[in-house]
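Following UniProt numbering from start to finish, the sequence shown increments by one per residue and tops out at 381.
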Amino acid sequence: MANRFILNETSYHGSGAIQEIPNEVKARGFHKAMVCSDPDLIKFGVTKKVTDLLDEAGLEYVIYSDIKANPTIENVQHGVKFLQDAKADYMIAIGGGSSMDTAKAIGIIDKNPEFADVRSLEGVADTKNPCTPILAVPTTAGTAAEVTINYVITDAQKDRKMVCVDPHDLPIVAFVDPDMMSSMPKGLTAATGMDALTHAIEGYITAGAWEMSDMFHLKAIELIAKHLRGAVENTPEGREGMALGQYIAGMGFSNVGLGIVHSMAHPLGALYDTPHGVANAIILPTVMAYNAPATGTKYKDIAEAMGVDTTGMDQETYRQAAIDAVKKLSQDVGIPTDLKDIVKAEDLDFLSESAYADACRPGNPRETSVEEIKELYQSLL
Numbered sequence: 001m002a003n004r005f006i007l008n009e010t011s012y013h014g015s016g017a018i019q020e021i022p023n024e025v026k027a028r029g030f031h032k033a034m035v036c037s038d039p040d041l042i043k044f045g046v047t048k049k050v051t052d053l054l055d056e057a058g059l060e061y062v063i064y065s066d067i068k069a070n071p072t073i074e075n076v077q078h079g080v081k082f083l084q085d086a087k088a089d090y091m092i093a094i095g096g097g098s099s100m101d102t103a104k105a106i107g108i109i110d111k112n113p114e115f116a117d118v119r120s121l122e123g124v125a126d127t128k129n130p131c132t133p134i135l136a137v138p139t140t141a142g143t144a145a146e147v148t149i150n151y152v153i154t155d156a157q158k159d160r161k162m163v164c165v166d167p168h169d170l171p172i173v174a175f176v177d178p179d180m181m182s183s184m185p186k187g188l189t190a191a192t193g194m195d196a197l198t199h200a201i202e203g204y205i206t207a208g209a210w211e212m213s214d215m216f217h218l219k220a221i222e223l224i225a226k227h228l229r230g231a232v233e234n235t236p237e238g239r240e241g242m243a244l245g246q247y248i249a250g251m252g253f254s255n256v257g258l259g260i261v262h263s264m265a266h267p268l269g270a271l272y273d274t275p276h277g278v279a280n281a282i283i284l285p286t287v288m289a290y291n292a293p294a295t296g297t298k299y300k301d302i303a304e305a306m307g308v309d310t311t312g313m314d315q316e317t318y319r320q321a322a323i324d325a326v327k328k329l330s331q332d333v334g335i336p337t338d339l340k341d342i343v344k345a346e347d348l349d350f351l352s353e354s355a356y357a358d359a360c361r362p363g364n365p366r367e368t369s370v371e372e373i374k375e376l377y378q379s380l381l
């Protein structure tokens with residue numbers, strides 16, 4: 001079987017990367033942008049860093065800000081109408097996964113109107129046309145949505161998140177500028193950083209992993225372990241290291257899938273609006289312990305990438321060392337250790353069934369069941 005690998009056409013990295021936006025717009029002959037950015041980024045002047053560049057270059061745009069932390073079907077449908085009414089021919093998605101996921105779904109439906117209900121995009125939809133072109137500007141170091149073929153939309157009526165996987169949604173250009181991430185508060189930096197670590201670890205042990213994806217995931221684990229604490233303290237080196245680490249993780253997991261950490265985190269976001277990175281960070285060590293028997297020697301590699309000297313360790317010891325290193329990093333950046341303040345016991349059946357039905361679950365290296373997932377949730381209460 002052939003292994004497929006899909007990445008952006010172009011990406012710019014490092015301080016000042018956004019300066020290249022007008023050049024890319026002009027080179028590609030685009031005329032009018034719909035800038036997708038959430039209200040907080042607009043309020044605090046982060047979005048303006050990009051729109052100022054458009055103004056200086058005389059480039060036309062409109063701003064769409066009907067975006068939630070967990071974007072909904074309605075956010076997407078409103079966005080499609082806004083895009084078409086504005087007669088915009090491309091989008092600039094500025095933000096974290098919320099802005100980029102919203103833009104992806106809007107762009108897909110704009111060019112594939114038969115999926116206008118949004119729900120039909122769940123899973124691997126049979127779209128025919130590439131989405132409206134997207135230029136992606138991440139403001140968080142976590143989701144790597146700027147380089148992935150995935151997006152997640154919340155079905156608020158059913159209290160569930162829909163994971164959508166589509167090569168047609170990939171942004172054509174990514175501008176990964178750590179200066180755009182410097183205004184993130186500590187809590188958000190920690191949560192999104194742990195999301196990136198979860199991507200790297202789950203991507204490394206997922207059933208679809210292979211040599212090329214392994215290369216990206218191990219480097220991402222190394223960069224995140226080295227730089228997340230500094231990013232939380234807002235050091236330039238920490239910000240730059242995390243900007244790169246989360247992108248590299250995205251290069252890998254987008255092409256090979258994830259596992260049940262994400263499957264279990266998604267319904268928490270849908271039901272309780274739990275920040276995705278926080279949910280992942282809390283669940284990750286517990287699921288790592290659960291998955292350990294199905295990972296061969298990979299936890300040794302994870303431990304070493306996180307800075308652990310595994311010399312002389314047997315399999316059980318280095319597996320625990322990898323889990324402990326993740327716990328320590330999570331603790332150092334202020335992530336809670338359990339779900340007792342988030343999950344209600346009466347929701348466990350719904351959460352477990354939703355997690356089992358999630359699109360990320362088949363990638364888990366260990367076969368699981370609704371009952372075992374419920375036990376994992378219970379162990380975190």
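Glycine is no exception: its CB is placed at the ideal position from the N, C-alpha and C atoms.
Note that the structure is a prediction, hence the values are computed from the model and not measured.
Per DSSP, reduced to three states, the secondary structure at residue 369 is coil, with no helix or strand assignment. Counting along the chain, residue 82 sits inside the alpha helix (DSSP H) bounded by residues 73-86.
Assignment of residue 41 by DSSP, reduced to helix, strand and coil, places it in the helix class. By the criterion of at least three beta-carbon pairs nearer than 8 angstroms, the region 185-201 is in contact with the region 231-251.
In the three-state reduction of the DSSP assignment, residue 91 falls in the strand class, which pools E and B. Separation of residue 33 and residue 42 (C-alpha to C-alpha, rounded to the nearest whole angstrom) is 16 angstroms. DSSP places residue 160 inside the beta strand (DSSP E), whose first and last residues are 160-165. In this structure the region 85-99 does not touch the region 115-125; the number of beta carbon pairs closer than 8 angstroms is below three. Two segments are said to touch when three or more pairs of C-beta atoms, one from each, lie closer than 8 angstroms; by this definition the region 112-119 does not touch the region 43-60.
Look at the region 99-174 and you find these whole runs of beta strand (DSSP E), each 3 residues long or longer: 134-138, 150-155 and 160-165. In the structure shown, the three-state DSSP call for residue 60 is strand. Separation of residue 227 and residue 85 (C-alpha to C-alpha, rounded to the nearest whole angstrom) is 43 angstroms. Runs of the alpha helix (DSSP H) spanning 4 or more residues and lying entirely within the region 259-341 occur at 260-272, 276-291, 298-305 and 315-332, in chain order. Excluding residues up to 5 positions away in sequence, 101, 161 and 163 lie with their Cβ nearer than 6 angstroms to the Cβ of residue 152 in the same chain. Ranked by how close their Cα comes to the Cα of residue 208, the residues 67, 257, 292 and 64 have 257 in first place. The continuous alpha helix (DSSP H) containing residue 189 extends over residues 186-205.
In summary, residue 306 is buried, with 16 or more beta-carbon neighbours lying within 10 Å of its beta-carbon over all protein chains present. Checking the DSSP bridge columns, you'll see residue 10 partnered with 173.
Across the structure, residue 276 and residue 191 are spaced so that their CA atoms are roughly 8 angstroms apart.
A residue is called buried when at least 16 other Cβ atoms come within 10 angstroms of its Cβ; residue 242 meets this threshold and is buried.
For residue 354, the CB contacts under 6 angstroms within the same chain, skipping 5 residues up- and downstream, are 160 and 267 in chain order. When the Cα atoms are used, residue 310 and residue 284 turn out to be separated by approximately 21 angstroms.
By the Cβ criterion, the region 358-365 is not in contact with the region 333-345, since fewer than three pairs of Cβ atoms, one from each stretch, lie closer than 8 angstroms. In the DSSP assignment, residue 255 falls within the alpha helix (DSSP H) that extends over 236-256. Residue 21 is positioned such that its CB atom lies closer than 8 angstroms to that of residue 175. Taking the Cβ atoms as the reference, residue 338 lies roughly 22 angstroms from residue 70, outside the contact range of under 8 angstroms. In this structure the region 136-148 does not lie against the region 76-84, because fewer than three pairs of beta carbons, one per stretch, are closer than 8 angstroms. Secondary structure note for residue 212: its alpha helix (DSSP H) is the uninterrupted segment 211-232.
In the structure shown, the three-state DSSP call for residue 50 is helix.
When secondary structure is reduced to three states using DSSP, residue 343 falls in the coil class, being assigned neither helix nor strand. Beyond the five residues adjoining it in sequence on each side, residue 222 comes within less than 6 angstroms, by CB distance, of 305 in the same chain, given in chain order. Annotation for residue 379: 286 place their beta carbon closer than 7 angstroms to its own, counting only its chain and skipping 5 residues before and after. Here the alpha carbon of residue 292 sits roughly 7 angstroms from the alpha carbon of residue 319. For residue 31, the number of other beta carbons within 10 angstroms of its own is below 16, and it is reported as exposed. Residue 360 is bridged by DSSP to nothing; it lacks a bridge partner.
Put simply, the backbone Cα of residue 54 is about 10 angstroms away from that of residue 19.
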